[in-house]
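Numbering (the working numbering), first residue to last: -3 to 67.
A virtual CB, placed ideally from N, CA and C, is assigned to each residue, including glycine.
Model, not experiment: these values are computed from the prediction.
Reviewing the structure listed below.
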Amino acid sequence: MENRLIAANSGMVWSLLGLVLSIVLAYPLAHYVPMAVQVLAHVGTLLFAVGIKVSYIARLVFLSRLGRPVH
């Protein structure tokens, strides 16, 4: 369970980094990148947000199974 908790935590971090990158590409840097990259950045914004949520739920489950406090 400890390894899965570490995976869930790192999944949250990577999803957050991907979300920030996709938001930066989709909005402030939109006029510097091609339209296809903008579309992918907008789709990425949705997918990385879902990744954060799924990783957070997995984190709560693994904390609960390890008997640690879930806040």
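- Gly47 is the residue among Gly47, Pro65, Gly63 whose C-alpha sits nearest the C-alpha of Asn5.
- For Ala22, the uninterrupted alpha helix (DSSP H) run begins and ends at -2 to 22, by DSSP.
- 7 Å or more divides the Cβ of Met8 from the Cβ of Arg61.
- Measuring C-alpha to C-alpha distances from Leu42 to each of Ala32, Ser11, Ala54 identifies Ser11 as the nearest.
- Cβ neighbours of Phe44 within its own chain (closer than 8 Å, five residues either side excluded): Ser11, Leu12, Gly14, Leu15, Ser18.
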